[in-house]
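Some notes on the structure that comes next.
In the working numbering, the protein residues as written are 6 to 268.
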């Protein structure tokens, strides 16, 4: 346990992705492709870190069903410690995602077992021995309150990485302030930072630094033009800390087949 570098906490879901010609307000459309994947923002990050060789663990809840077993096995096959994932006698959380050829998405969250997470499910000794805690969102307010209690009891030696997602970004900045004040790395996309701050990418990142974040990372999809202090660039990612700003520009090496960004 003492070798765990990063612990993840966030909703654990099975993502059901349906590719359609177009997103409808009303009517009927053909599904061109349907797939299911293990999901959850923090879960995907921890999975990726484990594949890179980082010692990782996860704490959260799944249901006592086939989907819960899939999530546990998916972690275990890349070496993620799953000893702190609790199994509840309900259905595992899921997300229904409709994605069209223009890249537009519509997401519907069924929290399932995630809605049963309480502070009693979290082992503070386990979390506080890690170097980093990577935190993402839950759909229900009860779990949102659990996050605040956890942050209040988090050891000062643990650095916090926070990916609020849309569900938490749409809350008022003042409400998230206790978490942001503790955050070393904030991960958002361009839509989320506008929800969070009401400002554009650069001004929004600066605002988040004022809230206490040490570094802000804003992903920009296929790229957008940014007016930096000394030049104008097209960037796929904008990074800002108290002293410097960085823009990651697209290159031929960055061009890969587009994948869905669901949870």
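All C-beta atoms, glycine included, are put in the ideal place defined by N, C-alpha and C.
Cross-strand partners of residue i (DSSP beta bridge)
i	result
residue 25	36, 105
residue 188	165
residue 218	Its beta-bridge partners do not exist; DSSP assigns none.
residue 226	Bridge partners of residue 226: none, in fact.
residue 20	42, 100
residue 242	224, 253
residue 110	104
residue 115	99
residue 67	92
residue 62	12, 86
Cβ neighbour criterion (16 or more within 10 Å) applied to residue i
i	result
residue 78	exposed
residue 179	exposed
residue 174	buried
residue 17	buried
residue 258	The predicted model places residue 258 with a pLDDT of 49, which falls under 50 and marks its position as unreliable; any figure quoted below should be read in that light. Label assigned to residue 258: exposed.
residue 264	Only weak support exists for where residue 264 lies, its pLDDT of 39 falling under 50; the value from the coordinates is given anyway. The residue is exposed, with fewer than 16 neighbouring Cβ atoms inside 10 Å.
residue 137	buried
residue 57	exposed
residue 64	buried
residue 234	exposed
residue 187	buried
residue 50	buried
residue 202	buried
residue 19	buried
residue 262	Summary for residue 262: the model assigns pLDDT 36, below 50, so the residue's position carries little reliability; its value from the coordinates is reported in the next sentence. Looking at its Cβ environment, which holds fewer than 16 other Cβ atoms inside 10 Å, residue 262 is exposed.
residue 39	exposed
residue 249	exposed
Whole-angstrom C-beta distance between residue j and residue i, which should lie under 8 Å
i	j	result
residue 69	residue 92	5 Å
residue 61	residue 10	7 Å
residue 100	residue 44	6 Å
residue 37	residue 24	5 Å
residue 85	residue 133	Their Cβ separation, rounded to whole angstroms, is 19 Å, which puts residue 85 and residue 133 out of contact at 8 Å.
residue 46	residue 135	Going by Cβ atoms, the distance from residue 46 to residue 135 rounds to 18 Å, so no, they are not a contact pair.
residue 22	residue 102	5 Å
Residue i versus the options, residue with shortest Cα-Cα distance
i	options	result
residue 52	102, 15, 187, 143	15
residue 66	102, 57, 13	13
residue 182	195, 158, 214	214
residue 29	105, 39, 90	105
residue 141	193, 102, 163	193
residue 107	252, 227, 247	227
residue 124	256, 148, 236, 130	148
residue 225	211, 243, 201	243
residue 97	121, 238, 221, 109	121
residue 239	249, 253, 115, 245	253
residue 230	135, 205, 111	205
residue 184	131, 130, 80, 159	159
residue 82	221, 110, 55	55
Boundaries of the beta strand (DSSP E) in which residue i is found, first to last residue
i	result
residue 142	Where residue 142 is concerned, there is no enclosing beta strand (DSSP E), given that its DSSP letter is neither H nor E.
residue 72	Residue 72 -> not in any beta strand (DSSP E); alpha helix (DSSP H) instead, spanning 71 to 81.
residue 89	86 to 93
residue 120	From DSSP, residue 120 is part of no beta strand (DSSP E); its letter is neither H nor E.
residue 9	Taken as a continuous stretch (DSSP letters only), residue 9 belongs to no beta strand (DSSP E), as it is neither H nor E.
Residue-chain proximity (residue i, chain D), Cβ-Cβ < 7 Å
i	result
residue 201	No chain D appears in this structure, which consists of one protein chain only.
Terminal residues of the alpha helix (DSSP H) in which residue i lies
i	result
residue 171	170 to 174
residue 196	195 to 202
residue 133	129 to 133
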